[in-house]
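Structure first, then comments.
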Amino acid sequence: MDVSNSNERLEKDAKDNSKNYDIEALTGNESQVIEMDLMLGVADLQTPEAVAAAESAISGYQPVIPLAVSSSEEESQDSSDNDSSSDEDDDDSSSDEDDDDSSNEEDESDAEDKKTSSPVKLKTPKSDKDNSSDVRNGRSKKRPKIVELP
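In terms of full-length UniProt numbering, the sequence shown is residues 1 to 150.
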């Protein structure tokens with residue numbers, strides 16, 4: 001039997017008997033309900049953090065992932081600050097001194113932020129209590145493992 005013929009027949013039958021093909025509505029006549037989690041796309045899982053993030057996405061909860069501030073973000077913020085202050089500086093006669101003072105203050109505050117900020121670690125279950133089922137939503141908190149197929 002040809003696949004295209006089967007698809008056409010299935011499409012026609014689904015239009016005629018739409019209640020039989022409504023997969024989102026449970027009528028109570030189902031013998032079993034199967035929950036399927038689909039991961040769409042290709043995942044490049046080269047680091048333990050990437051694997052942990054993918055497993056968390058599959059299980060339906062988000063891990064706490066440390067995000068480092070890149071220098072390009074800091075530069076873009078600094079340039080936008082300087083743009084707004086340059087308009088104000090046109091009116092001042094001592095604009096060079098003001099620019100030096102403000103840039104030193106910004107450098108010091110950036111350095112303090114880098115000293116005081118620390119990376120956040122991923123939260124992982126440490127005991128069997130964490131792996132128990134959540135009664136409220138019926139989902140297990142244990143993350144499914146990603147298996148590489150041959």
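The beta-carbon is built from N, C-alpha and C at its ideal position, and this holds for glycine as well. Keep in mind the model is a prediction, meaning the values are calculated, not measured.
About 6 Å separates the beta carbons of I146 and A54, which is inside the 8 Å limit, making them a contact pair. Close CB contacts of L45 within its chain, under the 8 Å cut and outside five residues either way in sequence, are with V51, A54 and I146 (chain order). Each residue's CA atom was taken as its position, placing N29 and D13 some 20 Å apart. Shown here for Y21: same chain residues with a beta carbon closer than 7 Å to its own, the five before and five after excluded, namely A14 in chain order. Pairing N5 with E11, the inter-Cα distance amounts to about 10 Å. One alpha carbon belongs to D2, the other to K19, and they sit about 26 Å apart. For D13, the enclosing alpha helix (DSSP H) covers residues V3 to D16.
For K19, the three-state secondary structure derived from DSSP is helix.
Bounds of the alpha helix (DSSP H) holding V51 are P48 to S59.
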